[in-house]
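2 protein chains.
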Amino acid sequence: MSFPSKPPMRDALVEAAFRLFLERGYEQTTVEDIVTLAGVGRRSFFRYFPSKEGVVFPDHERRLAEVTEFLSGSGRGEDPVARVCEAVRLVLRLYTDNPTFSVQRYRLTKTVPGLRAYELSVVWRYERTFAGHLRERLADRPDGALRADVIAAAVVAAHNNVLRSWLRSEGEGDAQVAVERALAYVREAFGDGGGPDRQDEDVVVVVSRRRAPMWQVVREIESALGPGEEDR
Amino acid sequence: MSFPSKPPMRDALVEAAFRLFLERGYEQTTVEDIVTLAGVGRRSFFRYFPSKEGVVFPDHERRLAEVTEFLSGSGRGEDPVARVCEAVRLVLRLYTDNPTFSVQRYRLTKTVPGLRAYELSVVWRYERTFAGHLRERLADRPDGALRADVIAAAVVAAHNNVLRSWLRSEGEGDAQVAVERALAYVREAFGDGGGPDRQDEDVVVVVSRRRAPMWQVVREIESALGPGEEDR
Numbered sequence: 001m002s003f004p005s006k007p008p009m010r011d012a013l014v015e016a017a018f019r020l021f022l023e024r025g026y027e028q029t030t031v032e033d034i035v036t037l038a039g040v041g042r043r044s045f046f047r048y049f050p051s052k053e054g055v056v057f058p059d060h061e062r063r064l065a066e067v068t069e070f071l072s073g074s075g076r077g078e079d080p081v082a083r084v085c086e087a088v089r090l091v092l093r094l095y096t097d098n099p100t101f102s103v104q105r106y107r108l109t110k111t112v113p114g115l116r117a118y119e120l121s122v123v124w125r126y127e128r129t130f131a132g133h134l135r136e137r138l139a140d141r142p143d144g145a146l147r148a149d150v151i152a153a154a155v156v157a158a159h160n161n162v163l164r165s166w167l168r169s170e171g172e173g174d175a176q177v178a179v180e181r182a183l184a185y186v187r188e189a190f191g192d193g194g195g196p197d198r199q200d201e202d203v204v205v206v207v208s209r210r211r212a213p214m215w216q217v218v219r220e221i222e223s224a225l226g227p228g229e230e231d232r
Numbered sequence: 001m002s003f004p005s006k007p008p009m010r011d012a013l014v015e016a017a018f019r020l021f022l023e024r025g026y027e028q029t030t031v032e033d034i035v036t037l038a039g040v041g042r043r044s045f046f047r048y049f050p051s052k053e054g055v056v057f058p059d060h061e062r063r064l065a066e067v068t069e070f071l072s073g074s075g076r077g078e079d080p081v082a083r084v085c086e087a088v089r090l091v092l093r094l095y096t097d098n099p100t101f102s103v104q105r106y107r108l109t110k111t112v113p114g115l116r117a118y119e120l121s122v123v124w125r126y127e128r129t130f131a132g133h134l135r136e137r138l139a140d141r142p143d144g145a146l147r148a149d150v151i152a153a154a155v156v157a158a159h160n161n162v163l164r165s166w167l168r169s170e171g172e173g174d175a176q177v178a179v180e181r182a183l184a185y186v187r188e189a190f191g192d193g194g195g196p197d198r199q200d201e202d203v204v205v206v207v208s209r210r211r212a213p214m215w216q217v218v219r220e221i222e223s224a225l226g227p228g229e230e231d232r
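Order-wise, the sequence lines are chains P and S.
The first sequence lines up with residues 1 to 232 when you count with the UniProt record's numbering.
The second sequence lines up with residues 1 to 232 when you count with the UniProt record's numbering.
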């Protein structure tokens with residue numbers, strides 16, 4: 001599936017809208033004002049955007065479709081949490097590819113409660129898309145749907161934490177580097193979605209009291225590791 | 001701080017509103033209709049509720065205030081994640097204490113997009129309240145704000161997973177029992193908010209490949225444990 005490139009009229013509408021929002025304020029700008037400045041008819045606006053709010057987040061519908069397609073294209077054996085993290089990088093790029101626009105919009109959404117609500121619904125749709133993928137892939141795990149929902153929320157929160165810091169600093173610093181650190185934290189907590197009870201993998205986790213004598217620790221590890229190389 | 005008990009006029013407004021919402025639909029009901037049925041003036045409505053949406057979620061302002069107070073009352077040495085989990089139980093009780101009302105509202109919010117948006121903003125305010133508490137208590141941990149945001153989101157997602165299942169099943173089953181299981185999953189993943197890299201505590205976590213030779217595992221543990229009893 002390929003996505004049609006953005007038509008210039010659409011770009012012109014976004015540009016006109018933001019010029020007016022910044023000049024006279026969001027509430028004081030009507031769709032009428034926007035189409036007049038862009039030099040197009042009112043109908044053209046609604047061909048591209050569902051509402052005035054829609055023009056503030058012009059690329060999310062497309063990115064949501066891309067993310068959905070990206071997730072559905074993953075192989076059965078693939079780590080679903082890793083795939084969702086990859087999708088999150090795609091979403092973040094929507095902001096970091098255009099810092100000036102992203103920072104302008106951030107200032108706008110901070111001051112207009114209606115836009116804040118709209119943004120929450122956009123974030124929620126990403127979260128449900130991630131959760132949907134994880135629910136499907138973790139269906140045979142105990143509490144698969146719970147795990148899916150919790151991991152999706154954690155991944156989105158990690159993304160948002162990085163995004164907000166970056167926007168607050170007016171696009172300074174490398175958000176893509178910061179998000180790696182944030183996603184690593186989430187992945188350390190949840191692994192591949194199996195969580196603390198995973199058993200069939202190549203990794204053993206031993207938790208021990210700091211003051212435990214070494215012989216006791218070794219015994220614990222031996223029992224966790226199971227039969228050694230020589231016994232197999 | 002004590003919270004005033006609910007005045008009967010407020011209850012009467014909620015009751016009238018829901019009767020009309022169910023009879024003729026949410027969009028078709030005006031504030032005028034609600035005050036007429038309740039037999040009070042229009043001003044009384046707006047004394048209790050900021051908007052028509054507000055009457056659909058009549059108890060959340062109060063519960064948010066209670067949760068904020070509950071969190072701020074926790075001792076310095078207390079596990080902040082445990083405290084947030086306790087606050088989540090308070091929020092869930094708002095629903096489970098009144099199953100009929102909760103299920104009615106769930107049906108309503110499912111069909112009215114504006115209410116769904118309002119609900120998202122309510123959930124978001126709880127999440128930010130939890131995150132605020134965790135941010136304060138994890139301030140001296142590495143990436144404290146990130147941890148706080150991620151854990152708050154995970155806790156809220158766990159709550160919502162349980163709540164949605166319970167509402168979908170029309171209030172069948174014990175949601176308070178289910179939420180314990182869900183919160184246990186989150187707490188297993190994040191512990192007390194220290195996460196995988198905590199260092200100043202009495203517990204050492206070693207992750208090792210299953211096939212690693214024992215001498216290598218022992219060496220890793222020794223370095224993680226630091227100087228042994230005899231060297232201290």
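Glycine is no exception: its CB is placed at the ideal position from the N, C-alpha and C atoms.
Original post:
Can a CB atom of chain P be found closer than 9 Å to the CB of residue 137 of chain S?
Top reply: Using beta-carbon distances, residue 137 of chain S does not count as an interface residue toward chain P, since no partner is under 9 Å.
Original post:
Using a C-beta cutoff of 9 Å, does residue 121 of chain P count as contacting chain S?
Top reply: Contacts with chain S at 9 Å (Cβ-Cβ) include residue 121 of chain P.
Original post:
For the region 89-129 of chain S, which segments carrying the alpha helix (DSSP H) assignment without a break, of at least 4 residues, lie completely within its bounds, in sequence order?
Top reply: Counting only runs of 4 or more, we get 99-111.
Subject >> Expected contact under 8 Å - CB spacing of residue 60 of chain S and residue 122 of chain S to nearest Å >> reply: About 5 Å; that satisfies the 8 Å criterion.
Subject >> C-beta neighbour in chain S for residue 116 of chain P, strict 9 Å >> reply: Closer than 9 Å: yes.
Subject >> Three or more C-beta pairs below 8 Å linking the region 176-186 of chain S and the region 89-102 of chain S >> reply: Yes, the region 176-186 of chain S is in contact with the region 89-102 of chain S.
**OP:** On a CA-only basis, which of S:64, S:135 and S:96 is nearest residue 162 of chain S? Give me that one, please.
**Re:** The residue with the shortest Cα to Cα distance from residue 162 of chain S is S:96.
Original post:
Are any of the Cβ atoms in chain P nearer than 9 Å to that of residue 146 of chain S?
Top reply: By the rule that beta-carbons nearer than 9 Å mark a contact, residue 146 of chain S touches chain P.
Original post:
Which ranges does the alpha helix (DSSP H) cover as unbroken runs of at least 4 residues, wholly within the region 52-95 of chain P, from first to last along the chain?
Top reply: Correct list: 52-56 and 60-72.
Subject >> Closer than 7 Å at the beta carbon, the chain P residues around residue 190 of chain S >> reply: Taking a Cβ-Cβ threshold of 7 Å, the residues of chain P close to residue 190 of chain S are 189, in chain order.
Original post:
Hey, quick one: how far does the alpha helix (DSSP H) through residue 29 of chain P stretch, first residue to last?
Top reply: Unbroken run through residue 29 of chain P: none, as it is neither H nor E.
Subject >> chain P contact for residue 185 of chain S (CB, 9 Å cutoff) >> reply: Residue contact check for residue 185 of chain S against chain P: a CB pair falls below 9 Å.
Subject >> 9 Å Cβ cutoff, residue 156 of chain P in contact with chain S >> reply: Interface residue, yes.
**OP:** Report yes if the C-beta distance between residue 9 of chain S and residue 40 of chain S is below 9 Å; otherwise report no.
**Re:** Taking 9 Å as the cut-off, the Cβ atoms of residue 9 of chain S and residue 40 of chain S count as close.
Subject >> residue 107 of chain P burial status per 10 Å Cβ neighbour count (16 or more: buried) >> reply: It is exposed - the Cβ of residue 107 of chain P has fewer than 16 other Cβ atoms within 10 Å.
Original post:
Does the distance from the CB of residue 148 of chain P to the CB of residue 159 of chain P come in under 9 Å?
Top reply: Here residue 148 of chain P is not near residue 159 of chain P, since their CB atoms are 9 Å or more apart.
Original post:
Checking contacts by CB at 9 Å: is residue 124 of chain S closer than that to chain P?
Top reply: Between residue 124 of chain S and chain P, the shortest Cβ-Cβ separation is below 9 Å.
Original post:
Using the C-alpha atoms, what's the distance from residue 114 of chain P back to residue 38 of chain S?
Top reply: Residue 114 of chain P has its alpha-carbon roughly 30 Å from the corresponding atom of residue 38 of chain S.
Original post:
Would you say residue 186 of chain S and residue 130 of chain S are within 9 Å of each other, going by their C-beta atoms?
Top reply: No Cβ-Cβ contact shorter than 9 Å links residue 186 of chain S with residue 130 of chain S.
Original post:
At what residues does the alpha helix (DSSP H) containing residue 8 of chain P begin and finish?
Top reply: DSSP places residue 8 of chain P inside the alpha helix (DSSP H), whose first and last residues are 8-24.
Original post:
Checking contacts by CB at 9 Å: is residue 16 of chain S closer than that to chain P?
Top reply: It does not: the Cβ of residue 16 of chain S has no partner Cβ on chain P nearer than 9 Å.
Original post:
Name the chain S residues whose beta carbon is nearer than 8 Å to that of residue 161 of chain P?
Top reply: Residues of chain S passing the Cβ test: 145, 146, 149 and 150.
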